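Heads up: the structure comes next, in structure tokens.
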Amino acid sequence: MPPEPLLRADASPTAPGGWTREDWAGAADAMLRAVRPFSSPGHARITLPGPAGGYGTDVDGLEGFARTFLLAGFRLAGEHGADPDGLAEFYAEGIAAGTDPRSPERWVRLDEHPQAKVEAASLALALDLTRPWLWDRLDAGVRERVVDYLAPAVGDPTYPRINWVWFRLVVQAFLRSVGGPWSADDVAEDLATHDGFLREDGWMADGHERAFDHYVGWALHVYPLLWARMPGSAGFAEARRERDTALLDRFLLDAVHLVGADGSPLVQGRSLTYRFAAAAPFWAGVLAEVPSTPPGVLRRAATGVVRHFLDRGALDEHGLLPLGWHGRWPRIAQAYSGPGSPYWAVKGMLGLALPADHPVWAAGELPLPVERADYVRAVTAPGWLVSGTAADGVVRVVNHGTDHAAPGDTRGDSPLYARLGYSTATSPLLDRESWADPHDQAVVLLDVDGRASHRSGMAVGSVRVVDADGVAVAVGSSSGVVRWLEPDEAQQGHGSGWTGRHHDAGTVTVHSLVRGPWEVRLVRVDAVAEDRPPAALRLSGWPVAGADAQPTETPGAVVADGTRSRLVVLLGPTTGSGLSTHDDASPLGPLAAVPWARCPVVPGEWCAALLELTRTDGSWSAEPEVRLTSGGSTTWVATRWPDGARTRVALP
């Protein structure tokens, strides 16, 4: 069945306020000018200010060059070679020096450091995009050196079987197009690996684990689209183009529902310092001419994401992108992040490769789903229940399927993946303590020392939207063994959960009913460890952060910078409730706060809480209520919601 169109093609555009193509170009040109003072004499390395990255300054300089060169490639391609800032000359000089093995500025080679394999893909893409104005004008000797620099990709079996397969595919496509070495077997192997990532509804996992994040869009959908347009993909891309476009088309129907009205993407998954790279799949949809989402909606999504960051100080006083989210916040980095890493954000400016006469620039921007109406949505592959509310423009995800792990895994929970909730208005807590002990958006068993359990490796239930007497409710569940973790002293730092010694704490089942700004969370402890019984069950809510965080008169509520988080127990006894506060744990503000409630551990008994996240005043017209009844093998949940609506839903 073809996907349902998102919006009628004749829908009215939004009021003025989006960016023109000139606005996009101006932002890109300013970014490119800002990095030039930090280039080496021959322009081969762009080493930006800040501490050296985890891979050293040689890699940092290559990253700074390759990632900004990709943006320069978009600009040159979209202007058909018009080049008032001399981009082609600047980067051509850098290519000549970087590929010269005798130069003090030479680039780290692909067979010297794995990160060079990543950057080589940006080099290859930009060279392909700018072929008439840069590659074709390079000295023959420089062209030979470029081929020699990229050639180690051929036959290299060490590319990780994740999105990295596209780095080898893109490099080999370019090599093939310029008469360099390439391997049909490598291409076939990498395409088959990519196909193994495919999950339901156009979603892909970044590898064999339940790794669903922004890489689905900015890598696993964008690279296939760009690769298929490279001359070196001929003979492979043609048979895949229609299918890949259909997958992108279906994915985008979900993706546009994950952008907040303020342009924020979900604060979820690794490599968040790439910021507005999250806009890339929307431009990919424009390039691919997907049928189900109008170009005006895709352009609105892309503009919203990029402006979200640039309007909130993502560029520092030098016009540079530091490690961080809105502004500088080094804690957001992974072990592989360096001062040039944030410039993968330029993927989100892919639309500049479209010339000024492309129809998307003449079309008005159309509103995002969250700007039009409230909705709930079930996204099967990552196990997400999605709720968007037009009154405050916030999109929330309740997570019952993503943990960057495999079933039965015994690692700790990654705050970036395994929390029960993510949104466009909150960030998971990312301080060291929160990697060791989940404090936000979690259901945990506490040991006698207060250590919190982890749930990665859980069994994933179904996610679906049900019609409950005319009211749409998203329903999902997860369950399994939870464990306490004694972390290893050294951790990889690539975004997945921590390793360490573990001790099983018990088994826990969690069900969620989601509607509007609310989730009814039902929890049952099914069994406990006999040798080390837990001391308590703790439920924690949304983490809000800002310049200050204040409790409200309503128990279990906290407000930070206008964002309200509330947690109220509706079913079962409690032994305490309150707010935990955390300094410098969130990129959204210096102080984060989380409401929590503690309950006794009674195996087989249900407890339930209502969680709220809103940017409205949070007033309720009715006191929420939950009742459970059983009929045969089915448990029914009757809910009175804070707006007075009533629903009756069968648990999965």
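Quick note on numbering: the working numbering labels position 22 of the sequence shown as 9, and the sequence is numbered without any gaps. Even for Gly, the Cβ is constructed at its ideal location relative to N, Cα and C. Since we're looking at a predicted model, the values are computed, not measured.
Which runs of the alpha helix (DSSP H) spanning at least 4 residues fall entirely within the region 386 to 433, listed in chain order?
419 to 423
Kindly indicate which three-state DSSP category residue 33 falls into: helix, strand or coil?
In the sequence shown, residue 33 corresponds to position 46, counting from 1. Here residue 33 sits in strand by DSSP.
Identify the continuous beta strand (DSSP E) that holds residue 446 and give its terminal residues.
Translated into positions along the sequence shown, residue 446 becomes position 459. 446 to 455 is the span of the beta strand (DSSP E), which, as asked, contains residue 446.
For residue 198 versus residue 192, is the C-beta spacing smaller than 8 angstroms?
Here residue 198 is taken as the residue at index 211 of the sequence shown, counted from 1. Here residue 192 is taken as the residue at index 205 of the sequence shown, counted from 1. Yes. Within cutoff.
Determine the closest residue to residue 53 out of 326, 639, 493 and 127, with distance taken between C-alpha atoms.
As a first step, residue 53 is located in the sequence shown; it is residue number 66 there, counting from the start. Minimum Cα distance to residue 53 is reached at 326.
Identify every residue that forms a DSSP beta bridge with residue 645.
Because residue 645 is not part of the residues shown, which for the chain are -12 to 639, the question remains open.
Cutting at 6 angstroms between CB atoms, please list the residues of its own chain near residue 37, excluding the five before and the five after it.
On the sequence shown, position 50 is the one that residue 37 refers to. Cβ neighbours of residue 37 beyond the five flanking positions: 326.
Which same chain residues end up closer than 6 angstroms to residue 282 when comparing Cβ atoms and leaving out the 5 residues on each side of it in sequence?
Within the sequence shown, the letter at position 295 stands for residue 282. Once the five neighbours on either side are set aside, the close Cβ partners of residue 282 are 273, 347 and 350.
Which residues mark the beginning and the end of the alpha helix (DSSP H) in which residue 272 is found?
Translated into positions along the sequence shown, residue 272 becomes position 285. Note, residue 272: alpha helix (DSSP H), 267 to 275.
Mapping the DSSP letters down to three states, classify residue 9 as helix, strand or coil.
As a working note, residue 9 is residue 22 in the sequence shown. The answer is helix: DSSP assigns residue 9 an H, G or I state.
In this structure, how does DSSP classify residue 302 when only helix, strand and coil are distinguished?
What you label residue 302 is simply residue 315 of the sequence shown in a count that begins at 1. Of the three classes helix, strand and coil, the one that applies to residue 302 here is coil, per DSSP.
Taking 7 angstroms as the limit between beta carbons, can you name the residues of its chain near residue 320, skipping five residues before and five after?
Locating residue 320 in the sequence shown gives position 333, where the first residue counts as 1. Once the five neighbours on either side are set aside, the close Cβ partners of residue 320 are 260 and 310.
Does the ligand SAM have even one heavy atom less than 7 angstroms from the beta-carbon of residue 268?
This structure simply doesn't include the ligand SAM, nor any ligand for that matter.
According to DSSP, is residue 481 helix, strand or coil?
As a working mapping, residue 481 is identified with position 494 in the sequence shown. Looking at residue 481 - three-state DSSP - the assignment turns out to be coil, as it is neither helix nor strand.
Taking buried to mean at least 16 other C-beta atoms within 10 Å of its own C-beta, is residue 617 buried or exposed?
The residue given as residue 617 occupies position 630 in the sequence shown. Residue 617 comes out exposed.
Taking contact to mean 3 or more Cβ pairs, one atom from each stretch, closer than 8 angstroms, check whether the region 97 to 105 and the region 372 to 388 are in contact.
no
Helix, strand or coil: which one does DSSP assign to residue 622?
Residue 622 sits at position 635 when you count from the first residue of the sequence shown. Reduced to three states, the DSSP call for residue 622 is strand.
Nearest CA to the CA of residue 532: which residue from 401, 566, 156 and 561?
Reading the sequence shown from its first residue, position 545 is the one you call residue 532. Nearest of 401, 566, 156 and 561 to residue 532, Cα basis: 566.
What does the alpha-carbon distance come out to for the pair residue 584 and residue 594?
Counting from one through the sequence shown, the residue named residue 584 turns up at place 597. Counting from one through the sequence shown, the residue named residue 594 turns up at place 607. One C-alpha to the other measures close to 11 angstroms.
Hey, out of 604, 388 and 336, whose CA is closest to residue 13's CA?
Position 26 of the sequence shown, counted from the start, is the residue given in the question as residue 13. Nearest of 604, 388 and 336 to residue 13, Cα basis: 336.
Would residue 246 be called buried (16 or more neighbouring beta carbons within 10 Å of its own) or exposed?
Here the question's residue 246 lines up with position 259 in the sequence shown. The Cβ neighbour count for residue 246, taken over all protein chains shown within 10 Å, is at least 16; the residue is labelled buried.
Output the residue ranges of the alpha helix (DSSP H) runs that lie fully inside the region 303 to 381 and measure 4 residues or longer, sorted by chain position.
346 to 349 and 356 to 359
Considering only C-alpha positions, which residue in the set 420, 453, 445 and 451 is nearest to residue 437?
What you label residue 437 is simply residue 450 of the sequence shown in a count that begins at 1. When only C-alpha atoms are compared, the closest one is 420.
Taking only the alpha-carbon atoms, compute the straight-line gap between residue 388 and residue 490 and give it to the nearest angstrom.
Indexing the sequence shown from 1 puts residue 388 at position 401. Indexing the sequence shown from 1 puts residue 490 at position 503. Each residue's Cα considered, the two are about 22 angstroms apart.
Return the residue from the list 69, 514 and 479 that minimises the CA-CA distance to residue 494.
Within the sequence shown, residue 494 is the residue found at index 507, counting from 1. Nearest of 69, 514 and 479 to residue 494, Cα basis: 514.
Looking only at its chain, what residues have a beta carbon closer than 6 angstroms to the beta carbon of residue 6, apart from the 5 residues adjacent to it on each side?
What you label residue 6 is simply residue 19 of the sequence shown in a count that begins at 1. Counting only Cβ-Cβ distances below 6 angstroms, and skipping sequence neighbours, we find 290.
Taking 8 angstroms as the threshold (C-beta atoms), are residue 460 and residue 501 in contact?
As a position in the sequence shown, residue 501 is number 514, starting the count at 1. As a position in the sequence shown, residue 460 is number 473, starting the count at 1. Cβ distance < 8 angstroms, so residue 501 and residue 460 count as in contact.
Looking only at C-alpha atoms, which of 190, 87, 355 and 632 sits nearest to residue 457?
Residue numbering aside, residue 457 sits at position 470 when the sequence shown is read from its first letter. The option with the nearest alpha carbon to residue 457 is 632.
Rounded to the nearest angstrom, how far is the Cβ of residue 34 from that of residue 48, given a contact under 8 angstroms?
Start at 1 with the first residue of the sequence shown, and residue 34 comes out as number 47. Start at 1 with the first residue of the sequence shown, and residue 48 comes out as number 61. Indeed, because the Cβ distance is near 4 angstroms, the residues count as touching under 8 angstroms.
Please report how far the alpha carbon of residue 155 lies from the alpha carbon of residue 141, in whole angstroms.
Residue 155 sits at position 168 when you count from the first residue of the sequence shown. Residue 141 sits at position 154 when you count from the first residue of the sequence shown. Distance between the alpha carbons of residue 155 and residue 141 is about 8 angstroms.
Beta-carbon within less than 6 angstroms of residue 83's beta-carbon, same chain only, minus the 5 sequence neighbours each way: which residues are those?
Start at 1 with the first residue of the sequence shown, and residue 83 comes out as number 96. Same-chain partners within the cutoff: 129.
Counting only the same chain and skipping the five closest in sequence on each side, list residues whose C-beta sits under 8 angstroms from that of residue 622.
Indexing the sequence shown from 1 puts residue 622 at position 635. So the list reads 615, 616, 637 and 638, once near-sequence residues are dropped.
Shortest alpha-carbon distance to residue 647 belongs to which of 165, 391, 596 and 613?
The chain is shown only over -12 to 639; residue 647 falls outside these bounds and no answer can be derived.
For the pair the region 231 to 245 and the region 175 to 184, tell me if three or more CB-CB distances fall below 8 angstroms.
no
What three-state label does DSSP hand residue 571 in the structure shown?
By 1-based counting over the sequence shown, the position of residue 571 is 584. Residue state, collapsed to three classes: strand.
Can you tell which of 467, 208, 50 and 316 has its C-alpha closest to the C-alpha of residue 572?
As a working mapping, residue 572 is identified with position 585 in the sequence shown. Closest option to residue 572, Cα to Cα, is 316.
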